[in-house]
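Q: Numbering (the numbering used here), first residue to last: 1 to 71.
Think of the CB as a built atom: it goes at the ideal place given N, C-alpha and C, for glycine as much as any other residue.
Everything numeric in this text was worked out from a predicted model, so none of it was measured.
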Amino acid sequence: MPRLYSSKHIIRVLEECGYYFVSQKGSHVKYCKKVDNISVVVIIPANRKEIPQGTFHSIIRQSRLDRKKFG
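1. Does DSSP put residue 30 in a helix, in a strand, or in coil?
2. What three-state label does DSSP hand residue 58 in the structure shown?
3. With 16 as the cutoff for other CB atoms within 10 Å, does residue 69 come out buried or exposed?
4. What's the gap between the Cα of residue 67 and the Cα of residue 27?
Right, here's the structure in full:
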């Protein structure tokens with residue numbers, strides 16, 4: 001069974017890669033980063049102990065990061 005990551009772990013990795021907090025609405029947090037003059041926005045469910053695999057894959061796609069960076 002694949003490893004499930006927490007919101008805290010995902011946010012820590014994003015911040016290490018240069019993403020910064022933009023806003024929060026309800027239970028979702030928005031992080032942003034400028035890449036080649038394009039704003040890359042990532043939405044993350046906040047305060048979750050385990051992020052489902054499909055949601056995690058969506059976060060990887062949005063962030064344009066390699067899965068290996070998450071451990």
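A: Based on what the coordinates show:
1. Here residue 30 corresponds to residue number 30 of the sequence shown, with the count starting at 1. Residue 30: strand per DSSP, three-state reduction.
2. Mapped onto the sequence shown, residue 58 falls at position 58. The answer is helix: DSSP assigns residue 58 an H, G or I state.
3. Here residue 69 is taken as the residue at index 69 of the sequence shown, counted from 1. Classification for residue 69: exposed.
4. To locate residue 67, count along the sequence shown from 1; it is residue 67. To locate residue 27, count along the sequence shown from 1; it is residue 27. Those two C-alpha atoms are separated by around 24 Å.
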